[in-house]
Structure formats: C-alpha cells, structure tokens
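Protein chains in written order, with this note's numbering: chain A, 22 to 364; chain B, 22 to 364.
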C-alpha cells in the first residue's frame, strides 16, 4: 500500500468538507489506487494548528470542531506554527491551499504555494488569488520542478471546468468565456426582482450561510473579477490581474432598472465575459439584460453557469445546480485523485 | 515520428467532418504528439470504398465527394470490399465505426467492432447501436484484449459527456441522468408552439438538413431510447437495451396540449430520465410539461441538454448550443487523440 501525506492549509467549511470526503472514500481509494491518504498537518487562523507525521485522526478533529469550534487544546500534536511554516518545513507530499481569498494581491496564498513547489511538492489550490494575480510565476515553477499544480475548486466549486478544457477539449482553442460566477449578486438581483430591498436579501442570505459578513467584494464585482482573471489566465493563456478587468458591480441597480428590464421580457444578471477581438483580449464584468428565454435567466439561487466557446466544439454551457459545500470539497478531492493516479 | 493507421467505416457528413479536422490539425498533431495520422481505408454504402496502405489523400477525396458525390472511380485504390471485410482484413491501428444506426439490433456495427477488437485493434464508435444493444459484450472483449473502446460522439456530438464522468468525476456514482437528447422532436414541438403543423415543421427541418428523410424513429422516441440505453449502460453500469425503456413519443401531441401547458407557464419537451429507486433502475422517455423558468425550457433549435447527478457532485447540467456537424466530428477526433496520447 502506497501512502500520500497531505497538509491542509485552512479548515473552514471547505477543509472540513474535504476531510469528510476523505473519510467517506478512504476504503475506495485504498482499493482502487492501493494508496492511503494521510493528513499530516492542518493549519487554521483561529482554531489552532495540528501537525502529526503519523496522520491526524480526521474523525476526531471533525468531532472537536463540531463540539468546541477549535482543535483539542491538550493534543500533543498542537503546534504554534503558521501556514507558511508548515508549507516550508513539514514533511508532506501534497499541499492543499484553502486559506481565504486575499484581495488585491493574493500574495500570502501564493507564498505558501511557492514554498511547496520550491521543495518539489505537489499543490492543490482552492484559492483563486494565486491564479488571479500570480499564475504565470507559479505555473513556471511547477513545470520546472515537475510538480502538479491543480485548482479545480477555484471556480464553480468542483464542477470540472479546468479539467474539461485540459483533458476533454484537447486541441480546442478557447475563444470566449461567459458566465454568472458570483452567486451572492445573483441572489440579490433575484431578491430585488421579488420586491425585496438589497438589505433584506443580504440579511436573508447571511442567515442561510452563503452570503459573507461583508459582501462588498461580491456586490462590487471583485470576487467575480478574481474568478475571471483565473479563468482567462489558465484557459486563454492570458497574463492579467483583476485590475485589468473592466468591472461594474450591482451596487447601483435599482428596482426600477429591474422593472424596466422585465417590461422587455428580460432579467438583470451580473455577466462575466472574456473574448478575443482582433487579437486583443477583452474581459468585462457588468450587469446585463438577459432574455427570459435564455438559459442564463433560469440560473437562480446559488446556482452558477459558465459557457466555454472553442474553435472546434462551439459553445458548451455548464450549469452547476444549487451546490452545497460538499461540491467544493469534491473539487479538492478530485485534484488529489489526479495526483494519486500518477503516483 | 510515430504513425497511426486509421480505417473509417462510413463517410457521410460525420466522416467528412472528421476528415476535415484531421487535415486542419495535421501539423498540430505531428508537433504535439510526434504522430502522423494516416487514413488507410474508407468504406461507404453508396460512394464506393477506398483502401490504400500508403495513406489516402483526404483533401483529394473530400474534393471528389464535393464535386461528384462519389470516390474517384478510376482510382487504383478502389476496392469492392464491404465494411466488415475491411474491419477483418485491412492493416489499421484504429477502426472508426460511423455507419448509420441500425434500429432493433445494432448488430452490423457491433460485428465491425468485434472484428477489430478480436484483432487487438482500438475502436472509436460514433454509432450508438453497439452501446445500446451490446455494450457489455464489446467492453469485455476490449478489456480482455487491452484495446481502447471510445465513443464520445454517440451522445450530444462531441460534448464530452462520457469523458467527464470517466475522467473528471472520479469516484462519483451516477444516480440520475436527465436530458433532451433528440433535436428533431425538440424542433417539432417548438414549431407546434409557434402555430405550425408537424408536417410543415418536418418539411422545414428536412430542407435545413437536420431532420432525416424518415423521422419516425425520432418522433416515436426510439432514437432517444438508443441514446438513453447507451448512457445508462456506460454510466450507470446497467445492462439494458432500448426495448427495456418505457417510451412515449411526441406523435400524439397536439397544439391543444401545448396551449394547455402554456396556460400554466409551461412548455412540452420530450424528456429522457434514468434514476435508481430502491435499488431498481428506472428509464423513461416521454413528453413532459417543463416550467418556462427551467433551463430545459430554453433549449431550442438543434441544441441539446443533459443533466448528470452524482452522489458527490450534485447535479451538473450541460447544454450543447446549436451544434454543427463539426462538433460531431470533434467527438471522434478527441477519441483519436486519447488513443494517440497513450501510444
């Protein structure tokens, strides 16, 4: 039986979802790939850190988090190390970067990743910051050191957007990307449609757990911009940052705008677009009127949609329907299986 | 430079599309995979057959078909062999089965495939018959002889449905499949909606080239049933034939039915469904009323849609927007690249 040692940076909803899937599929991984996955480190900002070369008991840790919100204080494996220390010093085979998105730079997450790649370790990244701000630099180091750098869960959770283009649309050139990639804004626009105020909708979304404490970066389009930068850097060979994207958020949308659109049989959606025109890449995020007869108009709640247009395969539209946290966890898990398969 | 010899059975719209892509991507394949693709045989029912161990000049053949509708009669490579003869006797590495779907048995295409697999040759199949009627038998022989058996273009052209589940949704168990998989019926229902008679719509579709001379198998749901049998056999591990599917076509749908649905904010669509309930697989094809607020209602013209639900990834819906013949050709081409990559 082979063994693969994994370090998890971040253990919020996503990290916990990954841990649950690892427990659930433990026997199947052992059977299919003759491999045991051992989590040797978990770092968090507020719950403490765990390092254990013998493997952390995920079931116990999940129970602790459930009960007390933190790791067991008395644990002999508890260490006062931060994520970068772990990336640089702990013995692991795969680093999983799941720290929160850091707007404007994506630097901290990138530092964790570079530290791992410098040591010749594989990296799974669930944080879109490094792709949005430093993709070329990371990709170059990964290639130089023969490491895998995978990041399926950064856009639309575990929906295999990056893998589909990389593995299933071989030799296709991506000419256009379009999508509704931020569910907070989509949810707010839908609420306005139904006569609620933005404030009411945000309060409701926070209560239901899928709108962040401060949704400013969602509402102003910055979260979507980070995703679009990641998408065009990876899929269209671009080298941009979110600052290069023309972004208009939904903060100025009023009920009147929505009613005006409705009178024409349209709905308002925050649409992300990237396309090439005369050899020039254009990337834009802005509210647009979409016909109710278009599939995009039917994407509501927490669902998201992306359309990939290529030279050979025309346009393929993928809707992720009402994802739960498990779907984001699956994105990380699928990346891990890709690494395990190649061991 | 490696060389891969390919035999094409069938050279209608699909085969010609494959040939055009092979010409277009010739240099890229040589560069990326250090491999030359050589077509050593083409068989057809009405255009003649070509066999040439040195490689057929695809550009010349496409030109001939364009001009005269048949292969060059005087060609020294012209042979009076049928598809099975070629499958059994010609020297090739990959057989591409593109003969027309044979309802009720799928036998002839299956015979071609089995002949190739018996000889240890790889097979690409664009014909859903073998998957709908004989998948287990073919798959077993392919595995025994270490051959690849790929069939991406059988459902939704080149949309990589089978590859996504096989490669990108690893360890996910498919629990449900749903789709609008027959564009003829979708197009007819849409025409009825707009006040045309079925006869008028069919005539129009034939003129535009995407409705067959005799659309009976489409209208009665048999074409969709062949696709669903293929899907559940491959993706859900079933062993059924289209005869095991409960099929209701659209032949009895009237304008009144459509108006009644419209009054409720619905449209009528021919919906394919497969799901497990109490350990039992249910597969059903029938017209259903779909809310206009659902993405399925927006799938019109020649577009198709499929939703795959898995235990770990929830529901992913994929729309293929207004495919052209090139997209079906791409499905075969992508399968060929998969084989080339592993050479």
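In this text, a Cβ means the ideal position worked out from N, Cα and C, and glycines have one as well.
As the structure is a computational prediction, the values presented were derived from the model and not from experiment.
Asked                                                                                                                                  : Found
Where residue 200 (chain B) sits in the DSSP three-state scheme                                                                        : strand
Cutoff 8 Å: residue 191 (chain A) Cβ touching any chain B Cβ                                                                           : yes
Neighbourhood of residue 255 (chain B) by C-beta distance below 7 Å, restricted to the same chain and skipping five residues each side : 152, 156, 183
Alpha-carbon spacing of residue 349 (chain A) relative to residue 137 (chain B), whole angstroms                                       : 42 Å
Presumed contact (8 Å Cβ cut-off) between residue 28 (chain A) and residue 116 (chain A), rounded CB distance                          : 5 Å
Inter-residue spacing [alpha-carbon to alpha-carbon] between residue 91 (chain B) and residue 230 (chain B)                            : 19 Å
Sequence-distant residues of its chain with Cβ nearer than 8 Å to residue 320 (chain A) (five each side left out)                      : 201, 207, 290, 326, 340
Chain-ordered chain B contacts of residue 315 (chain A) [CB-CB under 8 Å]                                                              : 319
Cα-Cα separation, residue 273 (chain B) to residue 197 (chain A)                                                                       : 41 Å
Contact list for residue 46 (chain A) against chain B, beta-carbon separation under 7 Å                                                : 192
Alpha helix (DSSP H) segment containing residue 174 (chain A), residue limits                                                          : Looking at the DSSP string, residue 174 (chain A) is not in any alpha helix (DSSP H), and its letter there is neither H nor E.
Endpoints, the beta strand (DSSP E) within which residue 290 (chain A) is located                                                      : 287-298
Secondary structure, beta strand (DSSP E): runs of 3+ residues fully inside the segment 25-110 of chain A                              : 56-64
Chain B contact residues for residue 84 (chain A), given Cβ-Cβ distances below 7 Å                                                     : Within chain B, no residue comes near residue 84 (chain A); the closest Cβ sits about 22 Å away, beyond 7 Å.
Close-in-space but distant-in-sequence residues of the same chain around residue 372 (chain B) (CB under 6 Å, 5 per side omitted)      : Outside the displayed span of chain B (22 to 364) sits residue 372 (chain B), for which this structure offers no information.
Chain B contact for residue 249 (chain A) (CB, 8 Å cutoff)                                                                             : no
Beta carbon proximity, residue 310 (chain A) to chain B, threshold 8 Å                                                                 : no
Residue from B:106, B:56, B:36, B:102 with nearest C-alpha to residue 80 (chain B)                                                     : B:36
C-beta neighbour in chain B for residue 306 (chain A), strict 8 Å                                                                      : no
Proximal chain B residues relative to residue 351 (chain A), where beta-carbon distance stays under 8 Å                                : 193, 333, 334
Residue-level contact to chain B via CB, residue 286 (chain A), 8 Å cutoff                                                             : no
Proximal residues of chain A, C-beta to C-beta of residue 179 (chain B) below 8 Å                                                      : 333, 334
Contact belief for residue 144 (chain A) with residue 170 (chain A) at Cβ below 8 Å, rounded distance in angstroms                     : 5 Å
Three-state class that DSSP yields for residue 319 (chain B) in the structure shown                                                    : helix
Local conformation of residue 22 (chain A) per DSSP, three classes                                                                     : coil
Inter-residue spacing [alpha-carbon to alpha-carbon] between residue 140 (chain B) and residue 344 (chain B)                           : 35 Å
Under 9 Å by beta carbon: chain A residues contacting residue 108 (chain B)                                                            : Result: empty, since nearest Cβ-Cβ is about 26 Å, beyond 9 Å.
Neighbourhood of residue 76 (chain A) by C-beta, 6 Å cutoff - its chain only, sequence neighbours within 5 removed                     : 59
Residue 310 (chain A), DSSP secondary structure in three states                                                                        : strand
Contact with chain A by residue 344 (chain B), beta-carbon distance below 8 Å                                                          : yes
Inter-residue Cα distance where the pair is residue 95 (chain B) and residue 70 (chain B)                                              : Below a pLDDT of 50, predicted positions are generally treated as unreliable, and residue 95 (chain B), at 49, falls in that range; no measurement from the model is reported.
Helix, strand or coil at residue 249 (chain A) according to DSSP, with G and I counted as helix                                        : helix
Cα-Cα separation between residue 103 (chain A) and residue 46 (chain A), rounded to whole angstroms                                    : 29 Å
Candidates B:112, B:356, B:127, B:193: closest to residue 42 (chain A) by CA position                                                  : B:193
Cβ pair residue 257 (chain B), residue 316 (chain B) closer than 8 Å                                                                   : no
Helix, strand or coil at residue 362 (chain B) [DSSP, three-state]                                                                     : helix
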